[in-house]
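Per this note's numbering, the very first residue in the sequence shown carries number 82; after that it's consecutive.
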Amino acid sequence: MSLGGPDRPKKENLFSNFLRQLKEHRLIETLAAFIGGGWLILEFVHWILIDHYHFPEKTLDITFVSLGSALLCTILWRWFQTSSPNPRRIRVELIFIPLIILFALLFDSYLFLQMKWPQEEVDSRPVWKNSIAVLPFKDLSPKQNQEIFCEGMTDDVITKLGSIAELKVISPTSSGLYKDTRKPLTKIGEELRVSKILEGSLQTEKDNLRVNVKLTDTRYGFSLWSENYEAKLTSYFQIEDDIAGDISRQLQLQLIESDAERRKKREPANFEAYKAYQSGRIAERKYRDYRQDKDFETSRQMLEAAIKLEPTYALAYWELGNLYEARYVRENEPQDFDLMGQYFRKSFELNPGLGETNLGLGWLYFYTGEMDLSYESFRRAVVIDGQNAQVNFDVGSFLRSLGLYSQAIKHYLRAVDLDPFSIRAYLNCADSYFYLGKYQNACQLLEQALALEPDNWRLHLCLARQWLMLGEFEGAEKEIQLAAKVSAASPAVRRHQAWLWAVRGEKDKALSLIVPSDRFYSYEITSIYALVGQKEEAIKYIEEGIAVGFQELRDFLYSYPFLVSNPYYASLKNEPAFQRLLAREKKKYEIKEKKYGNL
């Protein structure tokens, strides 16, 4: 008696016939070829075109639809073309195959139109028809004791000229480097990439002020215009307005009236308060550069004196906030944070229409983790003073800290354009390119910066990172050695040397240079662990960096673009833990890009 019943042989015959049909039509070979080949193609599109070359993600959808339609067409063709040789009145494959191809083309076209290609950051730098640099005003007073007035006049004229929308005005931090220079104006114009230069001098005698200015065409070296201004010292700000207005007329450009009114609110009614503010500002810059306590105290005392003389002086409060922020970032003292917040808030309350006061509020909200409010503050700063180098640098730094590197680059490039000697702008922009995997772009910027500061060890290390990513190990070794000559004791130099050993396959040497005091979640160390096969450690410390980066470094580490572009994380891509991490960070990145990416 058959246990399977009378239908079992019939079912087995049907299955055998089905398998025989598949073999006769070579459909098993076709499916195997499409599964194997299709998987390779999808992997290539995902890891090479999308993750490395930054093709839009819908490229993967287009590839999948195209492969699926190709498979259906091949199956139909093989099935009907290898069927009975008897002539058929209707050739089904000639009807369905064109329909499938048409559907695939229409759907692929729809997906293509939905694609968002990344904009090329290099093109985000504006092309300026008019450009000017204001060189530091010279002190012609008999006692040569008017540095405060000279710096103030230079900075204020630059600020007022910044209200001309069609005029590129070089930041005082770059033009200030030409104080007492003997370089020809044509050479200065070439280095700053400007077509006009304004020179000035001032002289005080008792309560009288005399200012001389001259506008020069840097292309040909001839004078375009000059003027003398004489007034009482109390008319100091009016002279600045007159200079800016006269230059705008010479260049046939328009000062924006509403902007001019807003900028007038920058100026205190009490001239002694202005002098104290300028002294405090000079000392604050020195403190940022040299970290000397005496400069901190000088700045604090002068700024507090300015506020005492004029309690509604918004810029003095803002500068005090900057002073305490500079110390807070280094020393992480809660008292400094509280004072920073107090002064930034007060400056904004007094004058919310200044780019500077909005920058201060933006950083305060950033440090407290209130990113929506921080974004709004930085957005207002751009609207108010989008041609200001400091505004663009700070906005770029905000976006970079969030992991929105493409958007940050746009602002950093503008900052470099307006402040071409700002090494910080070059470095941060190069870092943003690095996190995106655009190493050649970073190299180009860093080489420009090294032409300005050949002994800057941070620039050499940053360039070494690019060479490591590009596989140019000799170039990386050279840059690490140059950095070590200047700062041999730096832990960053040691970690980069360890990274170099790792890429050269010297596992033991690389690991021996990692010490317990290192931050194991640093980019260098996680890359080293991935290189030497310690995948669990690499993923563990990447997760740690994501968890504590903002708290310890005020940066959101391991943004999605860096995770997918770092070639040394390729060994991690098949690890389930890394795949889960990638999926999670991708969602976080997309949310940030949607909320803050249009800044």
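Quick reminder that beta carbons are idealized off the backbone N, C-alpha and C, glycines included.
Remember, it's a predicted structure, so these values are computed and weren't measured experimentally.
List the residues that DSSP assigns as beta-bridge partners of Glu308.
One-based indexing of the sequence shown puts residue 308 at position 227. Partner(s): Val294.
How close, in whole Å, do the beta carbons of Tyr670 and Ser646 come, if the pair is a contact with beta carbons under 8 Å?
As a first step, residue 670 is located in the sequence shown; it is residue number 589 there, counting from the start. As a first step, residue 646 is located in the sequence shown; it is residue number 565 there, counting from the start. No, Tyr670 and Ser646 are not in contact; Cβ-Cβ is about 12 Å, not under 8 Å.
Locate the beta strand (DSSP E) running through Pro285, then write down its first and last residues.
On the sequence shown, residue 285 is found 204 positions in, with the first residue counted as 1. Contrary to the premise, residue 285 reads as Thr rather than Pro in this sequence. Looking at the DSSP string, the run of the beta strand (DSSP E) that includes Thr285 is 277 to 286.
I need the straight-line Cα distance from Ile490 to Ala496, nearest angstrom please.
Residue 490 sits at position 409 when you count from the first residue of the sequence shown. Residue 496 sits at position 415 when you count from the first residue of the sequence shown. Distance between the alpha carbons of Ile490 and Ala496: 10 Å.
Could you tell me which residues DSSP pairs with Ser212 in its beta bridges?
Numbered from its first residue, the sequence shown carries residue 212 at position 131. According to DSSP, Ser212 bridges with Lys249.
Which term fits Glu666, buried or exposed, when burial requires 16 or more other beta carbons within 10 angstroms of its beta carbon?
The residue you call residue 666 lines up with position 585 of the sequence shown. The residue is buried, with at least 16 neighbouring Cβ atoms inside 10 Å.
Residue range of the alpha helix (DSSP H) that Pro657 falls in?
Counted from its first residue, the sequence shown places residue 657 at position 576. Element bounds for Pro657: 657 to 677.
Which whole runs of the alpha helix (DSSP H) in the region 326 to 388 are 4 residues long or more, in chain order?
Listed in chain order, the complete alpha helix (DSSP H) runs (minimum 4 residues) inside the region 326 to 388 are 338 to 345, 352 to 371.
Reducing DSSP to helix, strand and coil, say where Ser97 ends up.
Against the sequence shown, residue 97 aligns to sequence position 16. In the structure shown, Ser97 sits in a helix (DSSP, three-state: H, G or I).
Within 10 angstroms of the Cβ of Phe659, are there 16 or more other Cβ atoms? Answer buried if so, exposed if not.
For this step, residue 659 is matched to residue 578 along the sequence shown. Under this definition Phe659 is a buried residue.
In chain order, what residues of the same chain have a beta carbon less than 6 Å from the beta carbon of Ala583, not counting five sequence neighbours either side?
For the purposes of this step, residue 583 is identified with residue 502 of the sequence shown, where counting begins at 1. Within the same chain, Ala583 has close Cβ partners Ala591, Ile609, Leu612, Val613.
With DSSP as the reference, identify every bridge partner of Asp220, one or two as the case may be.
One-based indexing of the sequence shown puts residue 220 at position 139. Answer by DSSP bridge pairing, in chain order: Leu283.
Using a Cβ-Cβ distance cut-off of 9 Å, determine whether Arg546 contacts chain B.
Judged by its chain identifiers, the structure shown contains no chain B, having just a single protein chain.
Beta carbon of Lys249, beta carbon of Asn293: below 9 Å?
Indexing the sequence shown from 1 puts residue 249 at position 168. Indexing the sequence shown from 1 puts residue 293 at position 212. Not a contact, by the Cβ cut-off of 9 Å.
Does DSSP classify Asn509 as helix, strand or coil?
If you number the sequence shown from 1, residue 509 lands on position 428. Three-state result, Asn509: helix.
Can you pull the DSSP bridge partners for Lys313?
Stepping through the sequence shown from its first residue, residue 313 is reached at position 232. Paired residues: Asn289.
Hey, would you say Asp298 sits closer than 9 Å to Leu290, going by beta carbons?
The count along the sequence shown starts at 1 and reaches residue 298 at position 217. The count along the sequence shown starts at 1 and reaches residue 290 at position 209. No.
Can you have a look at Leu194 and say buried or exposed, based on whether 16 or more other CB atoms are within 10 angstroms of its CB?
Here residue 194 refers to the residue found at position 113 of the sequence shown. With fewer than 16 Cβ atoms within 10 Å of its Cβ, Leu194 is classed as exposed.
Can you list, in chain order, the residues of its chain whose CB lies under 7 Å from that of Lys356, leaving out five sequence neighbours each side?
Counting from one through the sequence shown, the residue named residue 356 turns up at place 275. Here the set comprises Ile229.
Are the region 366 to 375 and the region 390 to 402 touching, with three or more C-beta to C-beta distances below 8 Å?
No, they do not touch.
May I ask which residues mark the beginning and end of the alpha helix (DSSP H) holding Gly436?
Indexing the sequence shown from 1 puts residue 436 at position 355. Residues 436 to 448.
Could you compute how far the alpha carbon of Phe418 sits from the alpha carbon of Glu451?
Walking along the sequence shown from the start, residue 418 turns up at place 337. Walking along the sequence shown from the start, residue 451 turns up at place 370. Computed Cα separation, rounded: 15 Å.
Quick one: grab the DSSP three-state call for Gln225.
Along the sequence shown, read from residue 1 onward, the residue named residue 225 stands at position 144. Coil, per DSSP.
Below 8 Å, can you find three or more Cβ-Cβ pairs linking the region 220 to 238 to the region 471 to 483?
No, the region 220 to 238 is not in contact with the region 471 to 483.
Within 10 angstroms of the Cβ of Pro642, are there 16 or more other Cβ atoms? Answer buried if so, exposed if not.
For the purposes of this step, residue 642 is identified with residue 561 of the sequence shown, where counting begins at 1. By the neighbour-count rule (16 or more Cβ atoms within 10 Å), Pro642 is buried.
Among residues of its own chain, excluding the 5 on either side of Trp158, which ones have a beta-carbon nearer than 8 Å to its beta-carbon?
By one-based count along the sequence shown, residue 158 stands at place 77. If we look at Trp158 and ignore the five residues flanking it on each side, its Cβ neighbours are Glu174, Ile178.
Given a cut-off of 9 Å on the beta-carbon distance, is the pair Leu483 and Tyr507 in contact?
The residue labelled residue 483 in the question sits at position 402 within the sequence shown. The residue labelled residue 507 in the question sits at position 426 within the sequence shown. Not closer than 9 Å, so no.
Report the three-state DSSP secondary structure of Lys616 (helix, strand or coil).
As a working note, residue 616 is residue 535 in the sequence shown. Note: Lys616 maps to helix in three-state DSSP.
In chain order, what residues of the same chain lie with their CB nearer than 6 Å to the CB of Leu551, ignoring the 5 residues before and after it?
For the purposes of this step, residue 551 is taken as the residue at position 470 of the sequence shown. So the qualifying residues of the chain are Tyr520.
Which whole-angstrom value describes the C-beta separation of His541 and Leu563, a residue pair presumed to lie in contact below a C-beta threshold of 8 Å?
Position 460 of the sequence shown, counting from 1, holds the residue named residue 541. Position 482 of the sequence shown, counting from 1, holds the residue named residue 563. Confirmed, about 5 Å.
Which value, in whole angstroms, describes the spacing of the CA atoms of Glu202 and Ser487?
Translated into positions along the sequence shown, residue 202 becomes position 121. Translated into positions along the sequence shown, residue 487 becomes position 406. The predicted position of Glu202 is uncertain, since its pLDDT is 46 and thus under 50; a value taken from the coordinates is nonetheless stated next. Going from the Cα of Glu202 to the Cα of Ser487 covers about 7 Å.
Please work out which residues of its chain come closer than 6 Å, Cβ to Cβ, to Asp475, disregarding the five sequence neighbours upstream and downstream, and give them in chain order.
Indexing the sequence shown from 1 puts residue 475 at position 394. The residues are Leu440.
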